[in-house]
Amino acid sequence: MGPLFWRLCVINGAVFTIGTLALAFSPATVSSPVLLREILVLGAGLAIILITNALLLRRSLAPLTTLTALMHRVDLHTHDRAVDRGNGDLTYLIDSFNTMLERLETERSSASAHALAAQENERQRIARELHDEIGQSLTVALLGLKRVADRAPAELSEELQLVRDTVRGSLDEVRQVARRLRPGVLEDLGLHSALTALAADVAPAVDVTRRIEALPPLTPEVELVIYRIAQESLTNVVRHSKASSVRLSLRPDGPDLVLKITDDGIGGARAEGAGMRGMQERALLIGARLTVTSAQGTEVTLTIPGVIG
5 MGPLFWRLCV
15 INGAVFTIGT
25 LALAFSPATV
35 SSPVLLREIL
45 VLGAGLAIIL
55 ITNALLLRRS
65 LAPLTTLTAL
75 MHRVDLHTHD
85 RAVDRGNGDL
95 TYLIDSFNTM
105 LERLETERSS
115 ASAHALAAQE
125 NERQRIAREL
135 HDEIGQSLTV
145 ALLGLKRVAD
155 RAPAELSEEL
165 QLVRDTVRGS
175 LDEVRQVARR
185 LRPGVLEDLG
195 LHSALTALAA
205 DVAPAVDVTR
215 RIEALPPLTP
225 EVELVIYRIA
235 QESLTNVVRH
245 SKASSVRLSL
255 RPDGPDLVLK
265 ITDDGIGGAR
275 AEGAGMRGMQ
285 ERALLIGARL
295 TVTSAQGTEV
305 TLTIPGVIG
């Protein structure tokens with residue numbers, strides 16, 4: 005039996021023992037038939053016993069109310085924990101619940117890391133196939149069309165030129181998709197250049213203002229998370245926000261590093277969307293905090309703690 009069981013037994017036993025002793029040594033008597041005055045005395049005594057018992061039990065069981073409320077609101081994206089208020093009766097239960105939350109958070113983080121690593125590997129595989137296979141096939145087709153155009157009659161030259169332009173446009177799109185899937189510029193030139201390239205990609209659709217300050221060396225995992233969250237945010241701006249301008253900043257804030265993307269669009273970003281969930285998962289992998297505010301325009305803020313020495 006747990007300590008709570010024995011405490012409840014002691015509380016109830018003590019209350020009823022004290023009540024019995026109080027009645028036994030009091031001058032009160034019970035007649036037969038019972039008089040009205042005696043009924044009032046017995047009723048008052050019973051009321052005192054029940055109220056005392058209820059108050060003591062309420063104090064002992066109060067942590068259960070806190071624990072139940074935490075169970076309803078708990079989210080593995082946060083780090084809420086049940087707090088022992090010094091009662092001591094439910095310490096074991098509270099400790100077990102907190103241990104369970106920590107284990108679930110660890111398992112979720114590990115599973116997310118494996119899933120995102122697999123996703124990055126799949127992105128790289130698809131990017132290679134697009135570049136090496138489809139891209140080369142389109143290049144061969146473009147060269148073949150050029151040779152045909154050189155020997156074709158004049159009346160077909162315009163149509164062949166249209167076909168060549170279409171193939172060339174498809175080749176450019178394939179290369180652009182491959183770059184988005186596998187950020188080679190991030191590996192080759194670093195985070196600053198990669199973010200600049202992202203801003204240039206969306207510049208035809210929306211005016212981008214950049215503020216990227218000098219940064220200390222970052223781990224590849226942190227750089228990739230920053231890049232992917234910036235990429236997803238800018239993509240959402242172009243596709244959904246109807247914004248005319250967006251500000252992208254990456255700068256130190258004390259010991260923290262803060263990425264912020266703010267647009268002047270219509271707002272209304274959904275926190276439960278697949279893109280937002282993906283960004284939250286990525287932020288958790290490096291212990292960062294992602295917040296999204298979306299009223300008039302949308303602001304995405306990624307705060308990475310303790311990376312500035």
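For the sequence shown, my numbering begins at 5 and goes up steadily by one.
Note that beta-carbon positions come from the ideal geometry of N, C-alpha and C, so glycine has one too.
- The Cβ-Cβ distance between I308 and A292 falls below 7 Å.
- If the five residues before and after E217 are omitted, its C-beta is found closer than 6 Å to the C-beta atoms of R255, all from its own chain and listed in chain order.
- Here S237 is buried, its C-beta having at least 16 other C-beta atoms within 10 Å.
- Taken atom to atom, the span from the alpha-carbon of A234 to that of D136 is near 27 Å.
- Contact check for G301 against G272 fails: the beta carbons are separated by 7 Å or more.
- Counting the other Cβ atoms within 10 Å of the Cβ of M280 gives 16 or more, which makes it buried.
- By the neighbour-count criterion, in which a residue is buried when 16 or more other Cβ atoms sit within 10 angstroms of its Cβ, P187 is buried.
- Cβ atoms of V250 and T266 come within 8 Å of each other, at about 7 Å.
- At the C-beta level, G17 and I53 stay beyond 7 Å of one another.
- Considering only R151, I43, S253, S174, the residue with the shortest C-alpha distance to E303 is S253.
- Taking C-beta separations shorter than 7 Å and ignoring five residues to either side along the sequence, the partners of L149 in its chain run L164, V167, R168, V171, following chain order.
- When secondary structure is reduced to three states using DSSP, I312 falls in the coil class, being assigned neither helix nor strand.
- The Cβ atoms of I138 and V226 do not sit closer than 7 Å to each other.
- Distance check between V144 and each of A119, P259, L175 places L175 closest, using alpha-carbon atoms only.
- Looking at E133, I43, T110, M283, the one whose alpha-carbon comes closest to that of Y231 is M283.
- L190 is not a Cβ neighbour of A131, given a cutoff of 7 Å.
- In this structure, V19 is the residue among V19, L60, L61, D192 with its C-alpha nearest to the C-alpha of L50.
- In the DSSP assignment, V262 forms a beta bridge with R255, T307.
- If you draw a straight line from the Cα of G310 to the Cα of E109, it is about 21 Å long.
- In this structure, the alpha-carbon of D260 lies about 17 Å from that of L228.
- As the crow flies, the alpha-carbon of D192 is around 50 Å from that of L71.
- Within 10 angstroms of the beta-carbon of L40 lie fewer than 16 other beta-carbons, which makes it exposed.
- Between A203 and V212, the CB-CB gap stays under 7 Å.
- One thing to note: T305 has its Cβ no nearer than 7 Å to the Cβ of K246.
- In the three-state DSSP reduction, D268 falls in the coil class, being neither helix nor strand.
- Taking the Cα of S248 as reference, the smallest distance to any Cα among L60, V206, P224, P221 is reached at V206.
- Going by beta carbons, L134 and V178 fall inside the 7 Å limit.
- Note on A26: under 16 other CB atoms within 10 angstroms of its CB, so exposed under the neighbour-count rule.
- With a 10 Å radius around the Cβ and a threshold of 16 neighbouring Cβ atoms, A287 comes out buried.
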